[in-house]
Structure formats: C-alpha cells, structure tokens
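Counting from 461, one number per residue, gives the positions in the sequence shown under the numbering used here.
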Amino acid sequence: MQQDRRPRQDELLRVTGLKKYFPIRKGFGKKITAMVKAVDDVSFGIFKGETLGLVGESGCGKTTTARLIMQAYLPTAGRIELRRSSGEMQNLAELDARGLHELRRELQMVFQDPYSSLNPRMTVRELLSEPLAIHRIGTKSERERRVEEMLELIGLQPEYMNRYPHAFSGGQRQRLGIARAIIMNPSLIVCDEPVSALDVSVQAQILNLLQDLQDKLGLTYLFIAHDLSVVRHICDRVAVMYVGKIVELADTESLFTAPLHPYTEALLSAVPASSPDLKKDRILLRGEVADPASPPRGCYFHPRCLYVQEKCRTEEPKLRVLKGKPGRFTKCHRADELELRGVPSFSEVSLA
Ligand SMILES: Nc1ncnc2c1ncn2[C@@H]1O[C@H](COP(=O)(O)OP(=O)(O)OP(=O)(O)O)[C@@H](O)[C@H]1O
Ligand SMILES: [Mg+2]
C-alpha cells in the first residue's frame, strides 16, 4: 500500500499482507475440503493517538483481524508490527514467550458483551487488579490505589470495589471492561463492537467515556463496529472490509460525505437519514455477501454492485490511492469515474 498522508514514523501499529485462512474439514478422515479466507491480504496502519474504525457486514473478518492483532491467532501470512517504547517497530512474530507476555500489557481488548467478559465470581477489586497481579506490577496496596484511581476515571464510586459484576447495569459493566483494559497503560486498545450490546441511551455515554479517556491518556483505538453512526461519532479514519479484504480506507468525514467504493455507498445509504427526503434514495444491497470459502472471480463485490462492468467480473482491483486524493484508498476499478453518494456532512446535519 502506498504512503498515507501522515508519515510512517507516526504509526503505532502496521499490518502488512495479513491473512488468516481457516480450514473446512469434512467426512470421516476430516479431510480439508476448502479454506475460509476470513482475512485475506489486509494492510493498514494505525497512527498513535487516533481511532481507526473497522466496519463491514457480519462475517467480513473484523473480529479475526482483531484476534490476529491481539496474538490470539497465528496468521496464515503477513506481518504485524508494533512501535515499542524505544521507538523501534517490532515484528510481533519474532517475540519469544517472555516477549509475548510483556506484549500483552501493551495490547488490550474491550469486548462486545460486558456480561460474559467479566468473571461473575470476582469482585470489582479482584477483576481490576488481576491484570496488574499477573504482570507483577506494584505492591498490593499500590494496586488497590490504582483500582480506586481507575474507578474514578470511569465514573464509578470507590465503594463499588467489593461488588460483583451482576450488581451492575450493562453500561456500568462495560465501564468496568474498559477500566480493566486501561489499567495496564496499554499502547493500543482493540474495541470489538463495544457498544452494540447496550441500549442506545447508554451507547453515547460509553462512546463519550472512550473519547474522554483517549484525550486524557493519549490512547489509540482500533474500533470495530457495524453501526456507521457510531463509527462516525468516534473514528478519525475508517477502513471498510468486504469478504476478508479492505475495500476503502479514508478519513471519516471524506468517507461519509464522498465515498469512493460502491460498497461504502451502499452501507451509507442504510444509515438512518436525518431528513425524510434522503431516505427515498436508499440503495438496497442486492444479493448475499460472497462466501469467503469460494468468493467470485474479479472484484468480490461485483455480483452486488450497481456499477458493474466486464472488467469487474474478471479482474480483481488493487487497493490504491486515488490521484489527487492523498490518504484515500479504494479497491474499485471505476473509482475515478464514479460519482458516489455519501451522507451530508456533520455541519449540514446540524443545520437541518
Ligand atoms: N475459528 C474459526 N474457524 C472457522 N471459521 C471461522 C473462525 N472464526 C471465524 N471464522 C469465519 O471467518 C469469517 C470472518 O469471521 P469474523 O468473526 O472475523 O467476522 P466479523 O466481521 O467479526 O463478523 P461479525 O460482524 O458477525 O462479528 C466468517 O466467515 C466466519 O465464519
Ligand atoms: Mg465480530
């Protein structure tokens, strides 16, 4: 992938040519009959202090990408590099067991389901101090103080320390999930659908908390979501995935107001519009998402694309930067000639 607008030295994480194929086994011999290409040649960088969104329909490979970054899966191919405190980029595949243990402090995750991600048998004190204890950070009383500090940061009373997760609401539990992630002072937090399981009224509070914490602590997020309005609210840049591949990557405002990939256009047209006039033009995505075990030839999106041409059926487009549009990547043969429809910019929305 070509250079983004910002220099590579500002990147905290760089993913290059990342692939994860899962074998499908059938029959008595459990023979491998096909491969699910869950993540297929994905490259992107995350700048220090930014929030990069990762969006796309169910099954497009968002969680698999997250798990690869978290070192929960071994990649089929590709590299993941993280900038260490020395300033050097480190290829995570080269770490030994001890190095990996150390790395876990720097990479933390916030999960979708705040009910199942917290051990119901542990008190808040135990839940939050456990990661510190595992990494032998501080004395017992220092850890206790750090837990109190975290509770204050996430807006929960210190008296809650002795309570169990079931005593909290969904939003409060997600606050605890966030506290457990940031207590380690990580350099990157991967949030996988962190507000999807919450009531709409609580979603905004959690998003605001994530943003406040980012401002206060200089955090960097990879933010995975289905909901494009959530993504628009919180992300600096957005990568759109389709069947294991990134099809568009851009700064949030450009991507929303002037998308460069027909798939992004279709996703945006499904965002609830602020004005009823806009709703009339909704593009409905035709057909089914391609099967990642046997994707179509050419551009994977071509069977559903409104702008399909012969070339799209036979030749897979490359993810490229468009001429005159630095920092904007698209994987569409026709991106230069198409004029795709976005949604109004934030300022227009607020005027409406
Ligand atoms: N452990 C696994 N074994 C086999 N196939 C898997 C495994 N994990 C994921 N897959 C497949 O890989 C593809 C990508 O899955 P993934 O969970 O990454 O998607 P996702 O974008 O996170 O979807 P959702 O929005 O539903 O969370 C899917 O086709 C899924 O069925
Ligand atoms: Mg997922």
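Where is the CB? At the ideal position from N, CA and C, for every residue including glycine.
In this text the structure is predicted, and so the values were computed from the model without any measurement.
Is the closest heavy atom of ligand 2 to the C-beta of residue i under 7 Å?
i, result
"residue 652", "yes"
Report back the beta-carbon spacing between residue i and residue j to the nearest angstrom; my notes put them in contact at under 8 Å.
i, j, result
"residue 791", "residue 708", "7 Å"
"residue 551", "residue 541", "5 Å"
"residue 703", "residue 750", "5 Å"
"residue 669", "residue 615", "7 Å"
"residue 657", "residue 573", "5 Å"
"residue 699", "residue 514", "5 Å"
"residue 674", "residue 523", "Not quite, the Cβ-Cβ distance comes to about 22 Å (not below 8 Å), so this is no contact."
"residue 583", "residue 610", "That belief does not hold up - the Cβ atoms of residue 583 and residue 610 are roughly 14 Å apart, past 8 Å."
"residue 697", "residue 711", "5 Å"
May I have the straight-line CA-CA distance separating residue i from residue j, to the nearest angstrom?
i, j, result
"residue 577", "residue 664", "21 Å"
"residue 593", "residue 496", "38 Å"
"residue 689", "residue 533", "30 Å"
"residue 787", "residue 676", "27 Å"
"residue 683", "residue 758", "29 Å"
"residue 715", "residue 721", "9 Å"
"residue 654", "residue 678", "19 Å"
"residue 745", "residue 487", "35 Å"
"residue 625", "residue 672", "23 Å"
"residue 507", "residue 518", "26 Å"
"residue 633", "residue 647", "22 Å"
"residue 649", "residue 525", "13 Å"
"residue 605", "residue 719", "47 Å"
"residue 705", "residue 520", "8 Å"
"residue 598", "residue 498", "40 Å"
"residue 618", "residue 585", "10 Å"
"residue 804", "residue 774", "34 Å"
"residue 729", "residue 687", "12 Å"
"residue 575", "residue 794", "45 Å"
"residue 761", "residue 661", "35 Å"
"residue 590", "residue 608", "14 Å"
"residue 766", "residue 781", "22 Å"
"residue 640", "residue 613", "12 Å"
"residue 802", "residue 717", "4 Å"
"residue 763", "residue 747", "8 Å"
"residue 501", "residue 481", "11 Å"
"residue 539", "residue 558", "19 Å"
"residue 840", "residue 531", "An answer regarding residue 840 cannot be provided, because it is not within the stretch 461 to 812 covered by the chain."
- Task: Mind listing which residues have their beta carbon within less than 5 Å of any non-hydrogen atom of ligand 1? Chain order is fine.
- Result: In chain order, the hits are 482, 496, 498, 518, 519, 520, 521, 522, 523, 524 and 752.
- Query: Curious, which full-length beta strand (DSSP E) runs of at least 3 residues does the segment 574 to 654 contain?
  - Reply: Restricting attention to beta strand (DSSP E) runs no shorter than 3 residues, the segment 574 to 654 encloses them at 648 to 652, ordered along the chain.
- Message: Please give the ranges of any alpha helix (DSSP H) in the segment 738 to 808, keeping only runs that are unbroken, at least 4 residues long and fully inside the region.
- Response: Segments of the alpha helix (DSSP H) lying fully in the segment 738 to 808: 770 to 774.
- Query: For the segment 511 to 556, which segments carrying the alpha helix (DSSP H) assignment without a break, of at least 4 residues, lie completely within its bounds, in sequence order?
  - Reply: Whole alpha helix (DSSP H) segments, 4+ residues: 522 to 529.
- For the segment 659 to 701, list the beta strand (DSSP E) runs that are entirely contained and at least 3 residues long, ordered along the chain. Listed in chain order, the complete beta strand (DSSP E) runs (minimum 3 residues) inside the segment 659 to 701 are 680 to 685.
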